[in-house]
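Here the numbering used here runs 387 ahead of the position in the sequence shown, where the first position is 1. Even for Gly, the Cβ is constructed at its ideal location relative to N, Cα and C.
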Amino acid sequence: MSGLSFNIAQRYLYGKKSANSINIITGISVFGISIGTAALILILSVFNGLEGLLSGLFNAFNPDLKVLPYEGKFFEVDDETYDLIKQIPNVEAVSKTIEEVALIEYKGSKEIGVLKGVDEQYVNVTGLDSLMVSGDFFMKKNQINYAIVGSGLRNKLSLSIEDRLSPMTIYMPQKKKKIIGAKEFKSKDIYLAGVFSVKSDTDYKYLISNMTVVSSLLDQKKKISSLEIKVKDKAEEEAVREKIIEILGEGFVLNNRYEQDEAYLKVMAIERLFSFLITGLTIVLIAFNLVGALWMIVLEKQKDIAVLKAMGYTKSDIKAVFIKLGLLITSIGIILGFIIALIIYYIQKEYGILGFSDGFLIDAYPVKIKVQDFILSTITVLFIGWLASLLPAFKAADTEMVLKGQ
């Protein structure tokens, strides 16, 4: 009787109702479900867009592979080991870097940041030069030390690209203070060359300059913080990784691009999940309108239910009618939700109505719709609609088989 119960459900949905309030509540249910479905699709599309954007930013800022010491902050790599790593097949470039927390002062403003020193190969290992939002990418010019800074740090210090006369002063604690009364801090003046933007925690933290000036501040002439490596063929990355581990031996950590930002990506995944669950919970609340609409239809159709039972319909058959009716209403809401989501998606994609603040790499929130998002949203909303239909369906099945006038 599944085909017949579906036909009856359709008649109950589209047929004339004795009370106009039933149509109003049903309409509210459809509208609420459509808005909830559209919200699910759009939330997922924004996270898809952000993941794509961050993936591109990670590709530009993070090296393919990064060698770090297992213990401590610094380590030494002799020329022979360095050359062996450079000669590994599919290794395109290797950069030595050194970094440490420093105090940065500019025109009376002081901030704590991370000073990173890089060699001339750094530009070949990362694509940081493509993430510049103002200024230029260089670390030394006419024997003068320059640095590029994250946009967040620039804002906190009120740095100005136009001000070529006022340097930043970088302070580092003296590691080896041998003379009593000697200064506790070493300092160097560094001028601003440009500003980059990757993501907030990086933008508010990093100041990047040349290797020489940073090593001098740290009194670490031979030691480095990391080796950053670019791989030609990404399919061979694991093979390159294994070869580097073989050359270096124990005592080192070797992270790929995503392992370098693993915590950040996990947070994003959790945010995506919670956003989806909160929107799903909103649809659950909206589904109470569906319960009300079905309940009123059950009360209106009690005589019809009694007739169906007299014709041999079982309780399961009656329940099936009203569950299918609930799923029909839910399905209409889902279809309308898809249409709304696609319209808003197109407007955002073409016109960027929701944008970022000034100084970011892009103006508008990126969006990307995937087929699996439609599938996930459909399953989620249909499940909520099915749950909302159960109580009215059981109520209908328990209706006594009594016909007035018998």
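Less than 8 Å between the CB atoms is what I'm expecting for residue i and residue j, so what's the real figure, rounded?
i: residue 674; j: residue 771; result: 5 Å
i: residue 578; j: residue 532; result: 7 Å
i: residue 518; j: residue 584; result: 6 Å
i: residue 429; j: residue 731; result: 6 Å
i: residue 775; j: residue 699; result: Between residue 699 and residue 775 the Cβ distance is about 28 Å, and since that is not below 8 Å, they are no contact.
i: residue 417; j: residue 727; result: Not really, about 12 Å apart at Cβ, beyond 8 Å.
i: residue 471; j: residue 634; result: 5 Å
i: residue 619; j: residue 477; result: 5 Å
i: residue 412; j: residue 683; result: 7 Å
i: residue 573; j: residue 559; result: 5 Å
i: residue 716; j: residue 400; result: 7 Å
i: residue 598; j: residue 505; result: 6 Å
i: residue 756; j: residue 442; result: That belief does not hold up - the Cβ atoms of residue 756 and residue 442 are roughly 17 Å apart, past 8 Å.
i: residue 849; j: residue 450; result: What is shown of the chain runs 388 to 793, which leaves residue 849 out entirely.
Give every residue of the same chain whose Cβ lies closer than 8 Å to the Cβ of residue i, excluding the five residues on either side of it in the sequence, and list them in chain order.
i: residue 514; result: 446, 447 and 448
i: residue 548; result: 521, 522, 579, 581 and 582
i: residue 392; result: 704, 707, 708 and 711
i: residue 434; result: 655, 658, 659 and 662
i: residue 666; result: 423, 426, 427 and 430
i: residue 551; result: 578
i: residue 628; result: 452, 641 and 643
i: residue 734; result: 740
i: residue 468; result: 634 and 635
i: residue 508; result: 480, 481, 482 and 483
i: residue 637; result: 457
Anyone know if the C-beta pair for residue i and residue j falls short of 8 Å?
i: residue 423; j: residue 724; result: yes
i: residue 617; j: residue 512; result: yes
i: residue 824; j: residue 586; result: Residue 824 is absent from the structure shown; the chain starts at 388 and stops at 793.
i: residue 475; j: residue 653; result: no
i: residue 694; j: residue 783; result: no
i: residue 779; j: residue 440; result: no
i: residue 409; j: residue 676; result: no
i: residue 639; j: residue 454; result: yes
Among residues of its own chain, excluding the 5 on either side of residue i, which ones have a beta-carbon nearer than 7 Å to its beta-carbon?
i: residue 544; result: 491, 493, 496 and 498
i: residue 670; result: 420, 423, 768 and 771
i: residue 589; result: 448 and 537
i: residue 516; result: 510 and 524
i: residue 602; result: 485, 504 and 608
i: residue 473; result: 481
i: residue 679; result: 412
Kindly list the residues whose CB is nearer than 6 Å to the CB of residue i, restricted to its own chain and excluding five residues on each side of it in sequence; keep chain order.
i: residue 610; result: 461 and 463
i: residue 568; result: At residue 568 the pLDDT is 48, less than 50, meaning the model places this residue with poor confidence; the figure from the coordinates comes in the next sentence. For residue 568, where only same-chain residues beyond five positions count, there are no Cβ hits under 6 Å.
i: residue 465; result: none
i: residue 526; result: 533, 596 and 597
i: residue 600; result: 532 and 575
i: residue 786; result: 689 and 692
i: residue 398; result: none
Who are residue i's beta bridge partners in DSSP?
i: residue 495; result: The partner list for residue 495 (beta bridge, DSSP) is empty, contrary to what the question assumes.
i: residue 576; result: 556
i: residue 484; result: 505 and 613
i: residue 640; result: 455
i: residue 336; result: Summary: the structure shown does not reach residue 336, with the chain confined to residues 388 through 793, and so no result is reported for it.
i: residue 595; result: 503 and 535
i: residue 519; result: 583
i: residue 618; result: 478
i: residue 742; result: 751
i: residue 489; result: 500
i: residue 462; result: 611
Please confirm whether any heavy atom of the ligand ADP lies closer than 7 Å to the CB of residue i.
i: residue 682; result: Only the bare structure without any ligand can be found here, which leaves the ligand ADP out of the picture.
contact_flag[the stretch 516 to 528, the stretch 485 to 496] where n(CB pairs < 8 Å) is 3 or more: Output reads no: the stretch 485 to 496 does not touch the stretch 516 to 528.
Any contact between the stretch 525 to 544 and the stretch 592 to 601? By contact I mean 3 or more CB pairs, one from each, below 8 Å. Yes, they touch.
Counting pairs of Cβ atoms below 8 Å between the stretch 644 to 654 and the stretch 469 to 487, do you hit three or more? The stretch 644 to 654 vs the stretch 469 to 487: no contact.
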